[in-house]
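Read the structure below first, then the notes.
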Amino acid sequence: MGIELQFQRLCCVHSVKKLLSIFGIVIAVVAVITQLVALPYENYISLLSNADGVGFEAETDLATDENRSNVEVDLVLGFQKLGNSSYVEKRLNANSTIGFYLNVSTYSSLGRMRNESGQILQLKLPAARPNGWENVIADTGNKSVSLSENEATSSNSNMLRAGINSKSRRPASISYMNSLVQQNSSISLVRSQWRSAREGELRYAKVQIENAPIISNIPEFHSSVFRNYSKFRRSYELMERVLKVYVYKEGQKPIFHQPYMRGIYASEGWFLKLIEKNKQFLVKDPKRAHLFYLPFSSLKLREALSKQNFTHQKDLENHLSNYIGRISRKYHFWNRSRGADHFFVACHDWALRLTRKNMETCVRVLCNSNIAGGFKIGKDVSLPVTYVRSAEDPLKDFGGNPPSARPVLAFFAGGIHGYLRPILLQHWSEKEPDMKIFGPMPRDPEGKAKYRELMKSSKYCICARGYEVHTPRVVESIHSECVPVIISDNYVPPFFEVFDWESFSVFVLEKDVTDLRNILLSIPEEKYMKMQRRLKIVQQYFLWHKSPVRYDLFHMILHSIWYNRVFQVKSK
394 MGIELQFQRL CCVHSVKKLL SIFGIVIAVV AVITQLVALP YENYISLLSN ADGVGFEAET
454 DLATDENRSN VEVDLVLGFQ KLGNSSYVEK RLNANSTIGF YLNVSTYSSL GRMRNESGQI
514 LQLKLPAARP NGWENVIADT GNKSVSLSEN EATSSNSNML RAGINSKSRR PASISYMNSL
574 VQQNSSISLV RSQWRSAREG ELRYAKVQIE NAPIISNIPE FHSSVFRNYS KFRRSYELME
634 RVLKVYVYKE GQKPIFHQPY MRGIYASEGW FLKLIEKNKQ FLVKDPKRAH LFYLPFSSLK
694 LREALSKQNF THQKDLENHL SNYIGRISRK YHFWNRSRGA DHFFVACHDW ALRLTRKNME
754 TCVRVLCNSN IAGGFKIGKD VSLPVTYVRS AEDPLKDFGG NPPSARPVLA FFAGGIHGYL
814 RPILLQHWSE KEPDMKIFGP MPRDPEGKAK YRELMKSSKY CICARGYEVH TPRVVESIHS
874 ECVPVIISDN YVPPFFEVFD WESFSVFVLE KDVTDLRNIL LSIPEEKYMK MQRRLKIVQQ
934 YFLWHKSPVR YDLFHMILHS IWYNRVFQVK SK
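Residue numbers (the working numbering): 394 to 965.
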């Protein structure tokens, strides 16, 4: 018995030694492979592992508020400086990529990064930051980078091809997005689990809109800016007569119930201010409501990242999630519809990402209406980016010159954000006398006056995307009666379910920016005159008023929310 036990112990010891030997060999092999792989790419791997944060569109040109502190690129915004001119951000999710701040003097060298071992990595640049493409800006250290004009042009062409021809999804064309509008008008996106008098009223409104009588006593030119003017009028009238909104009282300032009404994020603040004091649509009894408003500010939420105990994007998501949990425990309205009859209005770039999980079922009213980033045509609403310079006079500097007094073919001025704008400047700045393409203009009174003067005296105003798809220049162009040229793949324009945007604006794919002038010159003068004339018709729908009037921005935003909600309701 003793011999047998001793034999078993010896076998056990032998097995353990054998396993330890195998384990040691495996560790040695892994260590060798790691060294071989890491050596050429040591700096690149370190660069990615040490990056932190999420980037956002920080307009630092005239389309910003002088008092905004969050438009500067700094560590609070999630950027980390490398050397003298390079910034990176960690890819936090499938739709956010490594962003960058671009120095005008070095943008022509983008796409290459030199590490300490002398290895050069050729990297793809993104066509659109939210689409999952990655890039790293050139780390030039103290070296002065310069390229000949041919080299720079070739470099930019490579950048454009690298961005557009990525393996990510193809950009959504305006015709494709138009087809989605038609599809979503005939199907129900959300199947509600409850039945009530309110849902019955929405179902009745849907039938009335679908069978709207044709309005014939309106000038054809006016109706041409709409997809279907008769349906729009019927829907709008029903909204005025039927719609009731309940605003949740829960939530503490400054994130909730505190509107900010200046700068490029002013749209969310103006809507919050006007809806909370409205008497026509608001009800105190939530049982009478067709829609429930979540009154938070995405701008104030973002600012809380530095001013409150929030240290990461996830903290902001959790703050909104906790709010939803709070109202769903206190009321039954969220749970009965799974949030489908709730909505919020948010203009900050981060809102698209912060709300795509816990609040995805809501009607999301977003400035960052990126169809590739999760924006859903037919459910979500594209919010106009309105740069309000004066809360007391939101219509300041409204209007423009007649077509005969617009000698400039195309105008752009703005911060050099994202991959597209550097290419726009490199290819068109100071190349043609009728192409006024600039970087940031001076922000003194003279610079601001020059900016407005050029918008009012140009035929076409270039609305080029930055880090994100949206820009205040679209609405600025409409206010200045300058035909918008939207160069922003996957961008869903405001009130897309109502307006025929191609009747008063031009859409150019990002890959075609190098052919921009030829595209604009190919537009017949007669067509341009019609588009410019339609702009004057559309203007009334893009105006803020301290006391709302029919068909102004407040009512148009509310109508789009109403319209999308109506068509989510299942027909009998």
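Idealized CB from N, CA, C, for every residue including glycine.
One or two residues paired with residue i in a DSSP bridge
i	result
Y853	A803, V876
H938	For H938, which the question treats as bridged, DSSP gives no partner whatsoever.
E775	As written in the sequence, residue 775 is Ser, which differs from the Glu given in the question. Note: S775 sits in a beta bridge opposite L759.
L675	V638
V899	V878
F649	F689
Y884	N763
G656	V781
F892	F619
Unbroken beta strand (DSSP E) run spanning residue i, endpoints
i	result
Y686	684 to 686
Y639	638 to 640
R757	756 to 759
F737	735 to 739
Endpoints, the alpha helix (DSSP H) within which residue i is located
i	result
K829	Counting along the chain, K829 falls outside any alpha helix (DSSP H), though it belongs to the beta strand (DSSP E) covering 828 to 831.
L817	813 to 821
A697	691 to 700
V931	918 to 931
V600	590 to 603
A765	No alpha helix (DSSP H) contains A765, which DSSP labels as neither H nor E.
H615	613 to 616
F664	659 to 669
L959	First, the amino acid is wrong: residue 959 is Val here, not Leu. Per DSSP, V959 belongs to the alpha helix (DSSP H) from 946 to 959.
L713	706 to 723
R747	For the sequence presented, residue 747 should be read as Leu rather than Arg. Start and end: 744 to 747.
R620	Per DSSP, R620 belongs to no alpha helix (DSSP H) and is neither H nor E.
S730	726 to 730
I912	909 to 914
Residue j beta carbon less than 8 Å from that of residue i
i	j	result
V931	V618	yes
W727	S691	no
V968	K599	Examination of residue 968 is not possible in this model, given that the chain is present from 394 through 965 alone.
F892	R620	yes
L694	L709	yes
A857	S822	no
M632	H938	no
F736	F689	no
F674	L636	yes
V640	E669	yes
K789	R782	yes
A784	I855	no
Q575	K772	no
I611	Y622	yes
F888	M949	yes
M834	K824	no
P917	L667	no
H863	C760	yes
Y716	G766	no
Residue i: CB within 7 Å of a non-hydrogen atom of the ligand MN
i	result
P612	Within the structure as shown, the ligand MN is missing, as the structure has no ligands at all.
6 Å Cβ shell around residue i - same chain, five flanking residues per side excluded
i	result
R591	H683
S541	At S541 the pLDDT is 37, less than 50, meaning the model places this residue with poor confidence; the figure from the coordinates comes in the next sentence. Once the five neighbours on either side are set aside, S541 has no close Cβ partner at all.
N567	This sequence places Ile at residue 567; Asn is not what is there. F900.
P865	A456, I657, V778, Y780
I602	K624, R627, S628
S539	Only weak support is given to the placement of S539: the predicted model assigns it a pLDDT of 33, under 50, and the value that follows is read from those uncertain coordinates. Taken in chain order, the list of residues that qualify is empty.
Other residues of its chain near residue i: CB distance less than 7 Å, five sequence neighbours each side excluded
i	result
V885	M570, S762, I764, F768, I770, S775
G811	R522, R858, G859, Y860
N794	K849, S850
L573	I770, G771
Same chain, Cβ closer than 8 Å to residue i, neighbours up to 5 away in sequence not counted
i	result
P796	K852, Y921, M922, Q925
C755	L687, G732, A733, H735, F736, F737, T748
Cβ of residue i within 8 Å of any chain C Cβ
i	result
Q706	Of the protein chains in the structure, only one exists, and it is not chain C.
Is it a yes or a no for the stretch 723 to 733 touching the stretch 651 to 664, going by three-plus beta-carbon pairs under 8 Å?
-> Judged by Cβ distances under 8 Å, the stretch 723 to 733 makes no contact with the stretch 651 to 664, as fewer than three pairs qualify.
Evaluate contact between the stretch 806 to 819 and the stretch 901 to 919, counting only Cβ atoms and requiring at least three cross-stretch pairs below 8 Å.
-> Cβ pair count under 8 Å is three or more, so yes.
Answer yes if the stretch 846 to 853 comes into contact with the stretch 868 to 878, meaning at least three C-beta pairs across the two stretches below 8 Å, and no otherwise.
-> A contact exists between the stretch 868 to 878 and the stretch 846 to 853.
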